Amino acid sequence: AQSVSQHNHHVILSEAASLELGCNYSYGGTVNLFWYVQYPGQHLQLLLKYFSGDPLVKGIKGFEAEFIKSKFSFNLRKPSVQWSDTAEYFCAANAPGGYQKVTFGTGTKLQVIP
Amino acid sequence: ETGVTQSPTHLIKTRGQQVTLRCSSQSGHNTVSWYQQALGQGPQFIFQYYREEENGRGNFPPRFSGLQFPNYSSELNVNALELDDSALYLCASSDDRGDTQYFGPGTRLTVL
Chain A
2 AQSVSQHNHH VILSEAASLE LGCNYSYGGT VNLFWYVQYP GQHLQLLLKY FSGDPLVKGI
62 KGFEAEFIKS KFSFNLRKPS VQWSDTAEYF CAANAPGGYQ KVTFGTGTKL QVIP
Chain B
95 ETGVTQSPTH LIKTRGQQVT LRCSSQSGHN TVSWYQQALG QGPQFIFQYY REEENGRGNF
155 PPRFSGLQFP NYSSELNVNA LELDDSALYL CASSDDRGDT QYFGPGTRLT VL
């Protein structure tokens, strides 16, 4: 069965600290991978996505993620977090083309302390 | 902003009632997906509509049904509401390639 796992449920960091959020997926065949962010009171926004090619993808607001096929992982990173990064982060996956059901992880709540 | 809009923003219903939620997709998008996001959980796929036909369904009972209209807007209908149906309902639209979905702000449904 297709699944996405996020092992960090709640992360607290001080401003300027580095961030890495873990994501592992279980999918048969080729997979597209996404990170979405949900700021307090706002809707889900796409941070970045990986379809193919360079496994290191850069997104908005200084975020990046690395696809490691051998580890079935797609971890999200940011070198220096800001208070405005406080939000919930969701890793997600779907199969390319056709029926595009997106499978989400349970989310990681990030709290950045000024 | 993604251009995906949903109405209403909030809704309170009682157990056993029926509800209809609405979604307008982003311009140029012909595929609409609906998700249920319970408190503290990630969104769960309900179903998807492509060019007015259901194109896939998640693990939700038949009392969850939908429609897509010629202008690609969509409705989610839930009959015989249960307390566990209380959640944020998200609509997402995508184009023909559909690999990236863009989400609306959601409708918060509370069932009492």
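Top to bottom, those sequences are chains A and B. Just so we're aligned, residue 2 is where the first sequence starts under our numbering, counting upward by one. Just so we're aligned, residue 95 is where the second sequence starts under our numbering, counting upward by one. C-beta: ideal position from N, C-alpha, C; glycine also. Nothing here was measured: the structure is a model prediction, and the numbers come from that model.
By the C-beta density criterion, N173 of chain B is exposed, having fewer than 16 other C-beta atoms within 10 angstroms. At a cut-off of 9 Å between beta carbons, Y129 of chain B contacts chain A. For S119 of chain B, the closest Cβ of chain A is not nearer than 9 Å. Between the alpha carbons of L20 of chain A and G30 of chain A lies a distance of about 29 Å.
Closer than 9 Å to the CB of T204 of chain B there is not a single CB belonging to chain A.
About 22 Å separates the beta carbon of G42 of chain A from that of L49 of chain A, a gap too long to meet the 8 Å contact definition.
Take L57 of chain A, set aside five residues on each side of it, and the residues of its chain with a beta-carbon closer than 7 Å to its own are E65 and E67, in chain order. Contact holds between the region 82-92 of chain A and the region 102-110 of chain A, because three or more Cβ pairs, one in each stretch, are under 8 Å apart. Against chain B, the beta carbon of P97 of chain A has neighbours under 8 Å at D193, listed in chain order. Taking the Cα positions, P137 of chain B is about 11 Å away from Y37 of chain A. Residue environment for L133 of chain B: exposed (fewer than 16 other C-beta atoms within 10 angstroms of its C-beta). Between S119 of chain B and G97 of chain B, the CB-CB gap stays under 9 Å. Straight-line spacing of the CA atoms in Y129 of chain B and F141 of chain B works out to 7 Å.
Look at the region 146-177 of chain B: the residues with a C-beta under 8 Å from a C-beta of chain A are N149, G150 and G152. In the DSSP assignment, G150 of chain B falls within the unbroken beta strand (DSSP E) covering E147 to R151. Taking every protein chain shown into account, the CB of D55 of chain A has fewer than 16 other CB atoms within 10 angstroms, so this residue is exposed. Under the three-state reduction of DSSP, L170 of chain B is assigned to strand.
Taken through DSSP and simplified to helix, strand or coil, K70 of chain A comes out as helix. Between S74 of chain A and N33 of chain A, the C-beta gap is not smaller than 9 Å, which leaves the two residues out of contact.
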